[in-house]
Each structure stands twice: as structure tokens, then as C-alpha cells.
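*Asks:* The structure under discussion is supplied below as C-alpha cells; questions concerning it will follow.
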Ligand code: PLP
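Numbering (this note's numbering), first residue to last: 78 to 638.
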């Protein structure tokens, strides 16, 4: 069915009316009232999309209402002709697929117009009978037990999905590097940004830019609305109990420093013990070392086995009545190990310790639910989850945040100031002194919308498939040794190659347009534990393909010759 009667990609109102009448059971000769559809008109002052996270280019194109002309790579049942099994050309098996997004269509002004809900229902009605091929799940990853990172079993069939549609959302993936098309396998360092995020930030600066919370004028309202809307999206993404539990920071590093310098300064005392794991990024080591030096605290380290897996029994042995904090990563950036986070949290809590979980490498690869994880703090960076750099998040339990002293003073975080005394807002305000990174918070909101529409469960499953595929092929490269071979891994394939320095391998791959990280990955202790100073580290995201993995492996085979 086409919803299109004009070349402007707008829905056919008459058609919608007929559908609305059917769906909402209109009385004979009466129409269900559909308020006027209000498409984006570049010649008029923009209607604010503040807080909706809707891409302005999406608005311009009727926000993907046109089934024949998707503006995104989201699974689009109207495009039967374009639905290709993933990697069909390579004759590979199909991928498991967990979720079809609840709502395939996204409208402009979603949270602002009362008619949107009704219209949304009508549009959803259009896609309830998609003629999707249901493809039996075969090949890689058929064992549901392998999907340890998902709460629910993966679906046994895959509705049509084309990774090449998704790739079109990422302009930089078409970039040429050294005369070759870019192959971005440095996702653990940072991820590329979809057009929806880039456009959302431009839109902010073109139509909404203002400082927030401070003025009575229209732009201040738009900017505040957009910024607070982004906070709400983060809350939903993490399944936090309240928006007050979401603090915007510069990134993971700043979030951990914030906890060390506010809660740590206030509540830790000489003789107290902090437990971290051997897998930690320097960002989750150095702030605690600094605090330990200042306050005479002890740091203990949970060891790992030779595969890079946390030794839980050793962890338990390190817990004492003096343990006040356990701080660890959910996924190792250097090895890809997925840690038994829920168990670690539970054990810490049973000993009365607080827990910080570093989610920098997990949020982009698996669904995260801070309520069920039950950590006291959870931190991540926007740029690792397809959002902008310079913005990140500290989630903290609300009660705990409100009894924690602020770490920076200034505007925005105060209730009242006299020369004698200052009172502070509750969280999140008390931890957001000064003007924050407003536009990039809004961009992060758009990134969260983006991955949410694809479905984090699906992303996890697809990447798991790619990881298994790549691991199998890399093992066949002569002289290649994988560093980090945990049973439960996400996204990362660290290795060393006989006869080559890691930077030489990186440079050779770069000649083919392949971007990987070679070095110590800001995680020197874990690399040294496994006997190396540096590794080559390809790391995957959902826009990577088997063909890209093939090119990586082929180049490495070439090197060995
Ligand atoms: N923690 C982990 C596990 C990481 O992988 C990283 C970055 O690679 C960080 C912390 C620091 O993140 P950022 O540099 O965005 O603050």
C-alpha cells in the first residue's frame, strides 16, 4: 500500500482518514477527527522538535512515512523489493533477530501534539500486515544458550534485514581512505554517527540554540526542552527509575572522577578498601589511585584467568568488612570479556559495599537495565554509542545522589546563594554546575532513539554472529594469537601476529582502508597480565559486515606471505 499521493513524501490524508475510520470504528457518514497534519516546511519558521530527538531531515521527508523511500535503514516492510538477506552474496546463513521495533514509523513533534498518538496508531495499523519473509535461523549462533547477554531467548526466525540499508545512515562509511573504501573496525575507541544524529545537532544550532533553564524566551524553552528530553531518553535507555538519576557529564572518565571526587571524598576514610578488576580501563583505575593516595585507602584487584575471565572465587576472598566500593567494567575494552556483572554487584551489596559499573563498552553492544543490574552508579560515554564526543552519563540511585556533596560549584546547581551560605539543588542539577554540553546531549538523545528503533537485543545478536564469524577466521591466520578468549565476549578481537609489531599490522591494514587500534588501549595492566604490551584490536559494530571481516582476514593472510 502506498501512503503517497504527491512527490513531497507526505501521507495521503484521505487514505489515513479511511484507515482511521476503520480502526476507530467511525459511525456511518462520520469521520474520526484527524487534526491537520503539519509537515515540515522549510520556508516557514520551524516548529520545535525540542525533546523529540526527531531528525529534521526525517521531518523534511515526512519522517519516513513514505514506504517507498525510507530515510533510514530501519526494517521497512514496504520495501519488499529491497529486502535482502544479510550477506546473501556470500552465501552465508541468516541472522537471528529478536525485535521488530514496536513502532516502525516516527512522526515529527511526537511529544508535543495531541493528535500524534492517534495518527501514530493509524500508521502502525498500516504495517501490521507486512509480507516479511520469515527465514529459519540456521548456522552461527543457533544455540539460545549462547545468547548469555540477552534476557529473552533470541527469536528463531529473521524478518528481512539489510545491513546495507543501515550503512546508508552513516555517511562516513562511504569515505575513501588510501584509495579504498573505509572499513571502520575501531568501534571500541569510538563509533561512527548516523545522519540522524548529525542532523539533530545541526538542527539544534540552527533553530534551538540557547542556554538552558535560565530565560523566559522561546529559544531557552526549546533548548531546555531538547536537553531535558534527551535526559528522558537516557532514562528510558537504561531503564532508570527517574530522570533525576541521569547526570550529563563529559564522558565515562568524567563520570568516574565525579563519583571519586564527590562520594569518594565524602564517604571513604583511611583504611577503607576499594576493589577493582584486572580488566579495567585506566579511567577506572587512576581516579581511585589518586583518591587512595590522598585518603590512605587500599586498592585490591580481582584477578582473571588466562582467557581474561574474572575469577569470582578470588573476588569473594578479597571482600572484607572494610570493602566500601567495588568498581568494575561490564565489558573489557581490551579483550571484549563480558563480566558477570549482576553477580559481582550482588556479592558487593551483600557485603555492604557500593558498586560502580563502567558501561563504556557495554551500552552499544547489549541491552542494559540499571534496575535489574542494581548498581549504585552506571557510567558511559555518548561517543561509544553512536552519539557525539564530549557528552556522557552518570546514572546514580537518586537517594544516594542526593546525600552526596557536589564536586563542582557554580551556576545551575544552586538553590540559593548568599556570601555566607549556598544551598544546592537535588540531583541531577547539583552535579551539573555551569553550562553543559547542551547540543551534544541532544545529539546523544538522537543516538539513543536510533539504536532503540533498531533494537539493542537485535544489535547484540547480530554482533555476536559477526564476532563468532571473525573469531573463526582469525584463528586460521598463521602466527596469529588471540588475546582474550573468554567464553562470553562482545565486539572485540585483540590479537598479536608473529613477526610483526602491532603498529606495523595497523599500518598495513590502514593501507587497505581498514581502521583498527593498535597499542595498549588504555588498559596496560590486563595486557601485561596476558603477557603483551600491546595488541591489534579490531572491534565491531552493527554496521560492520562479513565482507569487511573477510577483507581484514585476507589482508592478514597477505601479510603472513
Ligand atoms: N572505560 C572503558 C571500558 C573504556 O573502553 C573507555 C574508553 O575507551 C573509557 C572507560 C573511557 O571513556 P572516555 O574516554 O569516553 O571517557
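Every residue gets a Cβ at the ideal spot worked out from N, C-alpha and C, and that includes glycine. The structure displayed is predicted, hence computed values, not measured ones.
Apply the 10 Å Cβ neighbour rule to residue 442 and answer buried if 16 or more other Cβ atoms are within range, or exposed otherwise.
*Replies:* What you label residue 442 is simply residue 365 of the chain shown in a count that begins at 1. That one is buried.
*Asks:* Round the Cβ separation of residue 531 and residue 619 to the nearest angstrom and send it over; I've been treating them as touching at under 8 angstroms.
*Replies:* Counting from 1 along the chain shown, the entry for residue 531 is found at position 454. Counting from 1 along the chain shown, the entry for residue 619 is found at position 542. Yes, residue 531 and residue 619 are in contact; Cβ-Cβ is about 7 angstroms, under 8 angstroms.
*Asks:* Do you know whose CA, among 588, 595, 306, lies nearest residue 632's CA?
*Replies:* The residue labelled residue 632 in the question sits at position 555 within the chain shown. Of the candidates 588, 595, 306, the one whose C-alpha sits nearest the C-alpha of residue 632 is 588.
*Asks:* Which of helix, strand or coil does DSSP assign to residue 625?
*Replies:* The residue labelled residue 625 in the question sits at position 548 within the chain shown. Three-state DSSP puts residue 625 in a helix.
*Asks:* Which residue marks the beginning of the alpha helix (DSSP H) containing residue 330, and which one marks its end?
*Replies:* As a first step, residue 330 must be located in the chain shown, where it is residue number 253. Looking at the DSSP string, the run of the alpha helix (DSSP H) that includes residue 330 is 329-336.
*Asks:* To the nearest angstrom, how far is the alpha carbon of residue 413 from that of residue 567?
*Replies:* As a first step, residue 413 is located in the chain shown; it is residue number 336 there, counting from the start. As a first step, residue 567 is located in the chain shown; it is residue number 490 there, counting from the start. Approximately 5 angstroms, taken between the alpha carbons.
*Asks:* So which residues touch the region around the ligand PLP, with touch meaning a C-beta under 5 angstroms from any heavy atom?
*Replies:* Chain-ordered list of matching residues: 328, 329, 330, 358, 360, 406, 410, 435, 437, 438, 458.
*Asks:* For the beta strand (DSSP E) that contains residue 324, what are its first and last residues?
*Replies:* As a position in the chain shown, residue 324 is number 247, starting the count at 1. It spans 323-326 - the beta strand (DSSP E) in which residue 324 sits, taken as one unbroken run.
*Asks:* Quick check: residue 637 and residue 555, are their CB atoms within less than 7 angstroms of each other?
*Replies:* For the purposes of this step, residue 637 is taken as the residue at position 560 of the chain shown. For the purposes of this step, residue 555 is taken as the residue at position 478 of the chain shown. Yes.
*Asks:* May I ask you to report which of helix, strand or coil DSSP gives residue 65?
*Replies:* Since the first residue of the chain shown is 78 and the last is 638, residue 65 is not available in this structure.
*Asks:* Within its chain, find whatever has a CB closer than 6 angstroms to the CB of residue 553; leave out the 5 residues flanking it on each side and keep chain order.
*Replies:* The sequence position of residue 553 within the chain shown is 476, counting from 1. Excluding positions up to five away in sequence, the list is empty.
*Asks:* Where does residue 386 fall in DSSP's three states?
*Replies:* Your numbering for residue 386 matches position 309 in the chain shown. Coil at residue 386, not helix or strand.
*Asks:* Out of curiosity, what's the CA-to-CA distance linking residue 575 and residue 603?
*Replies:* By 1-based counting over the chain shown, the position of residue 575 is 498. By 1-based counting over the chain shown, the position of residue 603 is 526. One C-alpha to the other measures close to 20 angstroms.
*Asks:* Where does the unbroken alpha helix (DSSP H) through residue 480 begin, and where does it stop?
*Replies:* The residue labelled residue 480 in the question sits at position 403 within the chain shown. Residue 480 -> no alpha helix (DSSP H), and no H or E assigned at all.
*Asks:* For the alpha helix (DSSP H) containing residue 313, name the first residue and the last one.
*Replies:* If you number the chain shown from 1, residue 313 lands on position 236. Counting along the chain, the alpha helix (DSSP H) containing residue 313 begins and ends at 295-315.
*Asks:* Residues bridged to residue 258 by DSSP?
*Replies:* The sequence position of residue 258 within the chain shown is 181, counting from 1. BP columns for residue 258 point to 253.
*Asks:* Going by DSSP, what residue range makes up the beta strand (DSSP E) through residue 354?
*Replies:* Working through the chain shown from its first residue, we reach residue 354 at position 277. Element bounds for residue 354: 350-354.
*Asks:* If you draw a straight line from the alpha carbon of residue 342 to that of residue 593, how long is it in whole angstroms?
*Replies:* If you number the chain shown from 1, residue 342 lands on position 265. If you number the chain shown from 1, residue 593 lands on position 516. So the alpha carbons of these two residues sit roughly 38 angstroms apart.
*Asks:* Report the rounded CA-to-CA distance for residue 379 versus residue 394, giving the unit in angstroms.
*Replies:* Sequence index remark: in the chain shown, residue 379 carries index 302 (1-based). Sequence index remark: in the chain shown, residue 394 carries index 317 (1-based). About 9 angstroms.
*Asks:* How big is the Cα-Cα spacing for residue 487 and residue 520?
*Replies:* As a working note, residue 487 is residue 410 in the chain shown. As a working note, residue 520 is residue 443 in the chain shown. One C-alpha to the other measures close to 25 angstroms.
*Asks:* Cβ of residue 385 within 7 angstroms of Cβ of residue 407?
*Replies:* Taking the chain shown and counting its residues from 1, one reaches residue 385 at position 308. Taking the chain shown and counting its residues from 1, one reaches residue 407 at position 330. Cβ atoms of residue 385 and residue 407: not closer than 7 angstroms.
*Asks:* Which residue marks the beginning of the beta strand (DSSP E) containing residue 613, and which one marks its end?
*Replies:* Translated into positions along the chain shown, residue 613 becomes position 536. Where residue 613 is concerned, the enclosing beta strand (DSSP E) stretches over 612-614.
*Asks:* Quick one: is residue 306 buried, meaning 16 or more other Cβ sit within 10 Å of its Cβ, or exposed?
*Replies:* Locating residue 306 in the chain shown gives position 229, where the first residue counts as 1. Under this definition residue 306 is a buried residue.
*Asks:* In terms of alpha-carbon separation, which member of 333, 634, 268, 561 lies closest to residue 608?
*Replies:* As a position in the chain shown, residue 608 is number 531, starting the count at 1. Closest option to residue 608, Cα to Cα, is 561.
*Asks:* With residue 524 and residue 240 assumed to form a contact (beta carbons below 8 angstroms), what rounded beta-carbon distance in angstroms separates them?
*Replies:* For the purposes of this step, residue 524 is identified with residue 447 of the chain shown, where counting begins at 1. For the purposes of this step, residue 240 is identified with residue 163 of the chain shown, where counting begins at 1. Residue 524 to residue 240, Cβ: 18 angstroms. No contact.
*Asks:* Could you check whether the segment 416-428 touches the segment 291-298, counting it as contact only if at least three pairs of C-beta atoms, one from each stretch, sit closer than 8 angstroms?
*Replies:* No, they do not touch.
*Asks:* May I ask you to report which of helix, strand or coil DSSP gives residue 530?
*Replies:* In the chain shown, counting from the first residue as 1, residue 530 sits at position 453. It is helical.
*Asks:* Could you have a look at residue 575 and say whether DSSP puts it in helix, strand or coil?
*Replies:* The residue given as residue 575 occupies position 498 in the chain shown. In the structure shown, residue 575 sits in coil (DSSP, three-state: anything other than H, G, I, E or B).
*Asks:* Compare the C-alpha of residue 257 against each of 635, 634, 628 and name the closest.
*Replies:* As a first step, residue 257 must be located in the chain shown, where it is residue number 180. The shortest Cα separation from residue 257 among 635, 634, 628 belongs to 628.
*Asks:* Using beta carbons (cut-off 7 angstroms, strictly below), is residue 408 in contact with chain B?
*Replies:* Although the question refers to chain B, the structure presented lacks it and comprises just one protein chain.
*Asks:* For residue 283, does the count of other Cβ atoms within 10 angstroms reach 16, so buried, or fall short, so exposed?
*Replies:* For the purposes of this step, residue 283 is taken as residue 206 along the chain shown, with counting starting at 1. So residue 283 ends up on the exposed side.
*Asks:* Starting from the N-terminal side, write out each stretch of the beta strand (DSSP E) that is 3 residues or longer and does not extend beyond the segment 479-520.
*Replies:* Here the runs fully enclosed are 491-494, 499-501.
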